[in-house]
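Right, one structure below, let's go through it.
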Amino acid sequence: MVKIVSTLIGLVIFTQASTFTNKCFKCHEQQNIPFEMIYKRYLVKYSSNVDIKKAMLKMCKNPTIENSEVPRGFLRRFGVKSSCSLKDKELDNAIEELIDYYDIKKDIKIKFFDREF
Amino acid sequence: MTSEQKSLIRFVLFYAISTLILLTALALFFYTNQKNQILLNEQKKMQSYATEFIWNLRDVHQQPNEYYYPQHDLYRSAVYDNFHKLIFSDFTPPLVDWSKESYREGDKLFLIKPVKPHFLGAAYVVVATKTNSELLIQLQQRVLVVMLVLFAIVLLLSYFLGKQFIKPMRQSIELLDNFIKDTTHELNTPVSIILTNIEAANSIEKDEKLNKYMRRLEIAARTISNLYDSLTFLKLNHDADATDKIFNISELLHERLQYFELHFQSRKLKIDSDIDNNVMINANFENIRRLIDNLISNSIKYNKRNGEIIIILNEKFLAIKDNGIGIPSDKLSSIQERFVRGENSSEGGFGLGLHIVKIITEKYGYKLEIKSEESKGTMVKITW
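Protein chains in written order, with this note's numbering: chain B, 18 to 134; chain F, 575 to 958.
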């Protein structure tokens, strides 16, 4: 019984976690469009995760040159991406995963904290 | 203290205080100005560091792998996103006042600089540093020292200016003093001769009419003698050091009342006395005699014909009351000054009487009270 339940849980987690990996990451890696670069471009423009997510959702649902943040060179080479086929909830989760994964703020190293003035 | 010294002190104090107020205002203005300048300089340095910090953020943002937060020994920093949410910092920042570009809180200075593009997601960077209190302390000390030096100079200047200011007053006083000195010297001999001869003439039998004329002469001569006495006291009193002794003031008062008997009769004044016997006092005999003479003389001079004088003497006080012309209320405070006279200009006198009384009461620490009502009379009370 325990074994069945834990397998089911694992499956659920795997299914949830892999939306970004399966639906987005694979394709981007194949086409050599690094997500790290994309994330950093959104970060530099929108600052907060809330705004980054909004902008990415807008782009994924309505991919146009105006909504895109990638360099114009990429667009000329790869063209504007096709509209995302994911459902809203799935897309939402995928973008959350992306932001969470690439969030460099977590990786900032501070040598000295709260020193005396 | 002489009136001259009082005037000088008043002038110096007034000048010094008004200059001190002005100096303080100027010092405050200067200090505030300099303090703002110091803060402005600090802010400029912080601006410069903030710009450098943003460039460092850019470098960190563009790195592929490890991200080290840019730090400085003198400054602390905190980075916020576009919703003013803290992203990361190298100290625990207090609540930020987003309405200002830079501000001071306690002993720390804060500077807010927008970041665009938002390297590492930073929309704002807040830089903090400790204010250079040493500079401020040095400034305060400098301002204080300069103020003190200037004030000392002003005090000195005001003293010399004051001296110049009262020079005419001093010259007038010297002139008057010399006049008194000369007058008393010239008066002494003839007055003594007059009184001696009147005394001799009194011993010779003569008719009533001649007696009347002699009495008038005697009153007039004694009046001049009293004046001479007062002037002498004023001029010489400052030089002489009178010796005190215990004596019977009741007897002295009786004697002086007898001395002024002729004056009372000439104006038909009624004398009502309540003099305790054997009231003893420790003072200079001549000074107290002078005090009594001046009080009685005033009560005669400023009384009306057929008026009344009440004299009370006991262990506690001496009071002399008359129902004469009185002293106007606006003159009451100044009447004790030298040469200030009452309204009765028909009577002689230099206005020295109450001034002498004041000098003597002050010398012995007696309390002098003068109560008067115009047209009703005056009461002078001396409490020991």
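All C-beta atoms in this analysis are idealised placements derived from N, C-alpha and C, irrespective of residue type, glycine included.
Residue i: contacting residues in chain F (beta-carbon distance under 8 angstroms)
i               : result
F130 of chain B : D664, F665
Residue i versus residue j - alpha carbon distance
i               : j               : result
E882 of chain F : E943 of chain F : 20 angstroms
T758 of chain F : T806 of chain F : 6 angstroms
Y833 of chain F : E947 of chain F : 28 angstroms
R632 of chain F : G680 of chain F : 32 angstroms
N752 of chain F : I798 of chain F : 19 angstroms
I747 of chain F : I884 of chain F : 37 angstroms
A601 of chain F : L750 of chain F : 46 angstroms
K98 of chain B  : A72 of chain B  : 15 angstroms
Y641 of chain F : I661 of chain F : 14 angstroms
E782 of chain F : I772 of chain F : 15 angstroms
Q611 of chain F : K704 of chain F : 16 angstroms
K878 of chain F : I767 of chain F : 31 angstroms
R830 of chain F : N851 of chain F : 15 angstroms
S581 of chain F : G900 of chain F : 30 angstroms
I866 of chain F : E792 of chain F : 20 angstroms
L694 of chain F : L713 of chain F : 42 angstroms
L869 of chain F : I595 of chain F : 47 angstroms
M854 of chain F : F588 of chain F : 46 angstroms
N897 of chain F : V931 of chain F : 20 angstroms
N84 of chain B  : R650 of chain F : 37 angstroms
L597 of chain F : F734 of chain F : 20 angstroms
Y677 of chain F : F604 of chain F : 21 angstroms
Residue-chain proximity (residue i, chain B), Cβ-Cβ < 8 angstroms
i               : result
G680 of chain F : no
T599 of chain F : Note that residue 599 of chain F corresponds to Ala in the displayed sequence, not to Thr. No - not a single Cβ of chain B is within 8 angstroms of the one on A599 of chain F.
F603 of chain F : no
K737 of chain F : no
A652 of chain F : no
K687 of chain F : no
F684 of chain F : no
T593 of chain F : no
F657 of chain F : yes
K619 of chain F : no
H635 of chain F : yes
Supposed close pair residue i, residue j - CB separation, criterion 8 angstroms
i               : j               : result
A696 of chain F : V653 of chain F : 4 angstroms
H646 of chain F : K62 of chain B  : That pair is no contact at about 28 angstroms.
F859 of chain F : F821 of chain F : 6 angstroms
S824 of chain F : I849 of chain F : 6 angstroms
L769 of chain F : A795 of chain F : 5 angstroms
K895 of chain F : G951 of chain F : 7 angstroms
K70 of chain B  : I116 of chain B : 6 angstroms
S732 of chain F : A590 of chain F : 5 angstroms
K687 of chain F : A599 of chain F : Not really, about 37 angstroms apart at Cβ, beyond 8 angstroms.
Contact set between residue i and chain F, taken where Cβ atoms lie within less than 7 angstroms
i               : result
K126 of chain B : E640, Y641, Y642, Y643
I121 of chain B : Y641, L694
Residue-level contact to chain F via CB, residue i, 8 angstroms cutoff
i               : result
F95 of chain B  : no
F134 of chain B : yes
R89 of chain B  : no
Interface partners of residue i on chain B, CB under 8 angstroms
i               : result
A697 of chain F : S64, S65
P964 of chain F : Beyond the ends of chain F as shown, which are 575 and 958, falls residue 964 of chain F; an answer cannot be given.
Neighbouring residues, chain B, relative to residue i (Cβ below 7 angstroms)
i               : result
I661 of chain F : K122
C-beta neighbour in chain C for residue i, strict 8 angstroms
i               : result
H929 of chain F : In summary, chain C is missing from the structure at hand, where the protein chains are B and F.
Residues from the region 53-74 of chain B in contact with chain F, defined by Cβ distance under 9 angstroms: Residues of the region 53-74 of chain B with a C-beta less than 9 angstroms from any C-beta of chain F: E53, K57, L60, V61, K62, Y63, S64, S65, N66, V67, D68, I69, listed in chain order.
Short-range partners of chain F found in the region 104-118 of chain B, where Cβ spacing is below 8 angstroms: Listed in sequence order: no entries.
Contact set between the region 701-729 of chain F and chain B, restricted to residues whose Cβ is under 9 angstroms from the partner: When C-beta distances to chain B are compared with 9 angstroms, the residues of the region 701-729 of chain F below that value are A702, T703, K704, in chain order.
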